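One structure below.
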Amino acid sequence: MWLVSVRRLAVRAVVKWSCFVKTVKCPILNCEEDESVEHLLVDCQRSQYVWGKMTQIGFKVNITYKAAMYGVFEDRMSAMDQDFYWSVVCTVVNKLWNTRCAMVIKQESISGEMVFKQVQTELKRQRTLDSREKRMRPWHLLTL
Ligand SMILES: [Zn+2]
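Structure (structure tokens):
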């Protein structure tokens with residue numbers, strides 16, 4: 429999965445030499461921090477909002493850098509729950525990254541609330557697919 433190599437994402441800290449990009453500041457509105465993978469996925473206020481909403485719907489993983497980037501969770505859980513939560517993390521990370529790129533390219537603002545809505549929609553789509561293909565995954569853990 430592409431997320432395994434999330435470290436190689438072209439976050440602007442890496443590509444600041446580009447003539448296109450004159451800043452390494454986080455592109456999120458009202459955020460003054462420098463942008464790094466860790467910031468984008470975990471520390472940014474927008475990401476914090478999204479992970480907070482995830483907790484509210486039953487997502488029980490403590491989000492550390494390792495959890496967000498590699499699926500290494502501090503929490504004890506069964507292998508099945510671990511796999512499930514990792515796929516949820518991937519979905520969230522995917523939306524955080526895609527919306528961040530859309531913002532940079534189109535110069536528009538995509539709020540944490542909008543990201544969370546996209547995550548919910550995507551998770552519901554995956555749940556439907558799972559039930560259609562009779563895949564047993566612990567969807568009961570989340571309240572979508
Ligand atoms: Zn930020």
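When we follow this note's numbering, the leftmost residue of the sequence shown carries the number 429, and every step to the right adds one.
The C-beta atom is built at its ideal place from N, Cα and C for all residues, glycine as well.
The structure presented is a predicted model; accordingly, all values stated were derived computationally and were not measured.
In whole angstroms, give me the CA-to-CA distance for residue i and residue j.
i    : j    : result
N526 : Y498 : 18 Å
M505 : V517 : 15 Å
E561 : E460 : 45 Å
T556 : D471 : 31 Å
Q473 : M508 : 30 Å
Is any non-hydrogen atom of ligand 1 found closer than 6 Å to the C-beta of residue i, if you look at the structure I gave you?
i    : result
C529 : no
S456 : Before going further, note that residue 456 is Ile rather than Ser in the sequence given. Yes - ligand 1 has a heavy atom lying nearer than 6 Å to the Cβ of I456.
E561 : no
C518 : no
E541 : no
E466 : no
E461 : yes
Is it right to say residue i is buried, meaning 16 or more other beta carbons lie within 10 angstroms of its own, or is it exposed?
i    : result
R553 : exposed
E502 : exposed
S559 : exposed
V465 : buried
R563 : exposed
V500 : exposed
E463 : buried
Note to self: Could you check whether the stretch 478 to 487 touches the stretch 536 to 552, counting it as contact only if at least three pairs of C-beta atoms, one from each stretch, sit closer than 8 Å?
What the structure shows: Because the criterion of three Cβ pairs below 8 Å is met, the stretch 478 to 487 and the stretch 536 to 552 touch.
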